[in-house]
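Okay, structure first, notes after.
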Amino acid sequence: MKAIVVHSEKGTVDLIWEEIPDVSPGPDDVLLDIHATAVNRADLLQARGLYPAPPGDSPILGLELAGQIQAVGRKVEAWVPGDRVCALAPGGGYAEQAVLPQGLLIPLPDSWSYAKGAAVPEVWLTAYANLCQEGAMRAGETVLVHAGASGVGTAAIQIGRELGTRIVVTAGSDKKLARCRELGAVMAINYQRDDFAAAVMTFTDNQGVDLILDCVGGPYLEKNIAILKPYGRLITIGVMGGTKAPLDMAAVLMKSLTVKGTRLRAKSREEKGHLTREFRDRIWPLMVAGKITPVVDRVFPIASAGVAHQYVKENRNIGKVVLEVRPALQ
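This note's numbering numbers the first residue of the sequence shown as 25 and each following residue consecutively.
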């Protein structure tokens, strides 16, 4: 089969579509013919050697995908060859085939393209896990989502909207802010132009927010802590802006704050399976009904993965960037 293989030499990174050994499923796995996968910032880091795959995971890029089951292991009973699915992947998405644990699969509606399905698993499960599980989000709360126009951000806006919260976002352009409002954000702040902390406090009558979903890290820490209400929660899912910042422990103590960092990729197969089941029960029906939807910005052919990575690196996307593996079969 073919897959994207990373070639690094003298500081340059090339993503080449080339032959690699075939894969085969274990007793609890399925073998999937991949039709589409999607780009995540973890892929960009892994391609540069900065975020290696965990032990036991595929070294091939790609953390989410959609396709058709080609074969199943002997212990698999809920799925059969021919089923259309999307799924979290333990790596291996940038390829023609992948082996996946059966517990990570989500059935794809017949009306959905594979490209649409590939835009769901990683970012939507990340948004759900960090808002609802890690962040204990409750109806009536005010939630700040940084990078609201990202894949995770566009998912978080819609989940928060449907579950009865007020979503405030930051983004870096008026075009991105407008799209966030269309998705349900009640306030959208241009961090390039405005002080997001001051804007949040004005909007909330100096009350602050209950929960923050942050992918920026160090540069935002002080302001994030300052604008959290008592018993507020800061959930960090990325450090795009930097890894270090001073932390005012007095503020954390006096306001009884929770500061937590989480990574979906680091969860065990069992944890990911539990998360997938909960997502299928609570959020997936809203998606199938059309009340919420993945936002696909652009679709590139898999052989142009390097171009797609550069597009994401430049922050040009609103929502997800998808890679077609079998475009004729979309």
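Beta carbons are placed, not taken as given, at the ideal position from N, Cα and C, and that holds for glycine.
DSSP-derived helix/strand/coil call for E101: Position 77 of the sequence shown holds residue 101. Look at E101 here: in three-state DSSP terms it is coil, with no helix or strand label.
With 16 other Cβ atoms within 10 Å as the buried cut-off, status of A163: One-based indexing of the sequence shown puts residue 163 at position 139. With fewer than 16 Cβ atoms within 10 Å of its Cβ, A163 is classed as exposed.
Neighbour-count burial assignment, I40, 16 or more Cβ in a 10 Å radius: Counted from its first residue, the sequence shown places residue 40 at position 16. It is exposed - the Cβ of I40 has fewer than 16 other Cβ atoms within 10 Å.
A24 - DSSP class collapsed to helix/strand/coil: Residue 24 is absent from the structure shown; the chain starts at 25 and stops at 354.
Helix, strand or coil at T317 according to DSSP, with G and I counted as helix: Position 293 of the sequence shown, counted from the first residue, corresponds to residue 317. Coil.
Residues near V319 in its chain [Cβ-Cβ closer than 7 Å; skip 5 each side]: Against the sequence shown, residue 319 aligns to sequence position 295. Excluding its 5 nearest sequence neighbours in each direction, V319 has C-beta neighbours in its own chain below 7 Å: T178, I342, G343 and K344, listed in chain order.
CB contact flag (T61, G117, <7 Å): Here residue 61 refers to the residue found at position 37 of the sequence shown. Here residue 117 refers to the residue found at position 93 of the sequence shown. In this structure, G117 lies closer than 7 Å to T61 by Cβ.
Neighbour-count burial assignment, K337, 16 or more Cβ in a 10 Å radius: Residue numbering aside, residue 337 sits at position 313 when the sequence shown is read from its first letter. Residue burial annotation: K337 is exposed, with fewer than 16 other C-beta atoms found within 10 angstroms of its C-beta.
Boundaries of the beta strand (DSSP E) in which Q231 is found, first to last residue: If you number the sequence shown from 1, residue 231 lands on position 207. It is not in any beta strand (DSSP E) - Q231 carries neither H nor E in the DSSP assignment.
Cβ shell of A151 (< 6 Å), same chain only, five flanking positions each side left out: Along the sequence shown, one-based indexing puts residue 151 at 127. Contacts found: V176, A179, A180 and I183.
Beta-carbon proximity check, V95 vs L69, cutoff 7 Å: Counting from 1 along the sequence shown, the entry for residue 95 is found at position 71. Counting from 1 along the sequence shown, the entry for residue 69 is found at position 45. Note that residue 95 corresponds to Ala in the displayed sequence, not to Val. No, these two residues do not count as a Cβ contact at 7 Å.
Own chain, CB closer than 7 Å to V323, minus 5 neighbours either side, in chain order: Stepping through the sequence shown from its first residue, residue 323 is reached at position 299. Closer than 7 Å at Cβ, skipping near neighbours: A139, V346 and E348.
Completely contained alpha helix (DSSP H) runs for the region 197 to 248, where each covers 4 or more residues: The region 197 to 248 contains these whole alpha helix (DSSP H) runs: 198 to 207 and 220 to 227.
At least 3 beta-carbon pairs within less than 8 Å: the region 303 to 322 vs the region 126 to 145: With contact defined as three or more Cβ pairs closer than 8 Å, the region 303 to 322 and the region 126 to 145 are in contact.
Cβ distance (whole Å) where D85 is taken to contact D67 below 8 Å: Position 61 of the sequence shown, counting from 1, holds the residue named residue 85. Position 43 of the sequence shown, counting from 1, holds the residue named residue 67. The amino acid at residue 85 is misidentified as Asp; the sequence shows Leu. Yes, they are in contact, since the Cβ atoms of L85 and D67 sit about 5 Å apart, within 8 Å.
Those residues which DSSP pairs with H31 across a bridge: In the sequence shown, the residue the question calls residue 31 occupies position 7. D38, per the DSSP bridge assignment.
Closest Cα partner of P79 within the set Q92, R98 and K291: Within the sequence shown, numbered from 1, the residue matching residue 79 stands at position 55. Nearest C-alpha to P79: K291.
From A313, P83, P51 and I236, residue whose alpha carbon lies closest to that of G262: Mapped onto the sequence shown, residue 262 falls at position 238. Cα-wise, what sits closest to G262 is I236.
Three-state secondary structure assigned by DSSP to P83: As a first step, residue 83 must be located in the sequence shown, where it is residue number 59. Coil.
At least three beta-carbon pairs within less than 8 Å, the region 210 to 225 to the region 187 to 198: The region 210 to 225, when compared against the region 187 to 198, does touch it at the 8 Å Cβ threshold.
Residue environment, Q126, which counts as buried when at least 16 other CB atoms sit within 10 Å: Taking the first residue of the sequence shown as 1, we reach residue 126 at position 102. Buried.
Beta-carbon contacts of P105 that lie in its chain and below 7 Å, excluding the five residues immediately before and after: Here residue 105 refers to the residue found at position 81 of the sequence shown. I93, Q94, A95 and V96, listed in sequence order.
Span separating the alpha-carbon of R173 from that of R340: Counted from its first residue, the sequence shown places residue 173 at position 149. Counted from its first residue, the sequence shown places residue 340 at position 316. Looking at the sequence shown, residue 173 is not Arg but Ala. Between A173 and R340, the C-alpha separation is close to 10 Å.
Beta-carbon separation (whole angstroms), V233 vs I259, contact threshold 8 Å: On the sequence shown, position 209 is the one that residue 233 refers to. On the sequence shown, position 235 is the one that residue 259 refers to. The Cβ separation is near 12 Å, so there is no contact.
Beta-carbon proximity of G208 to P243, cut-off 7 Å: Along the sequence shown, one-based indexing puts residue 208 at 184. Along the sequence shown, one-based indexing puts residue 243 at 219. When the beta-carbon positions are compared, G208 and P243 stay at least 7 Å from each other.
Sequence-distant residues of its chain with Cβ nearer than 7 Å to P76 (five each side left out): Within the sequence shown, the letter at position 52 stands for residue 76. Here the set comprises Q70.
Whole alpha helix (DSSP H) elements within the region 83 to 166, 4-residue minimum: Under the rule that a run must span 4 or more residues, the alpha helix (DSSP H) segments found entirely inside the region 83 to 166 read 138 to 142 and 145 to 152.
Selection from I213, D198 and L112 that minimises the alpha carbon distance to E63: Indexing the sequence shown from 1 puts residue 63 at position 39. According to the sequence as given, residue 63 is Val; it is not Glu. Of the candidates I213, D198 and L112, the one whose C-alpha sits nearest the C-alpha of V63 is L112.
Top-ranked residue by Cα proximity to V100, from Q157, L129, E120 and G115: Stepping through the sequence shown from its first residue, residue 100 is reached at position 76. Comparing C-alpha distances from V100 to each of Q157, L129, E120 and G115 shows the shortest one belongs to L129.
Residue ranges of each beta strand (DSSP E) within the region 292 to 341, 3 or longer: Runs of the beta strand (DSSP E) lying entirely within the region 292 to 341 and spanning at least 3 residues, in chain order: 320 to 325.
Extent of the continuous beta strand (DSSP E) run through R257: Residue mapping note: residue 257 aligns to position 233 of the sequence shown, counting from 1. For R257, the uninterrupted beta strand (DSSP E) run begins and ends at L252 to T260, by DSSP.
Close Cβ partners of A329 (< 7 Å) along its chain, the five nearest in sequence each way excluded: Stepping through the sequence shown from its first residue, residue 329 is reached at position 305. The residues are I28, L39, Y118 and L347.
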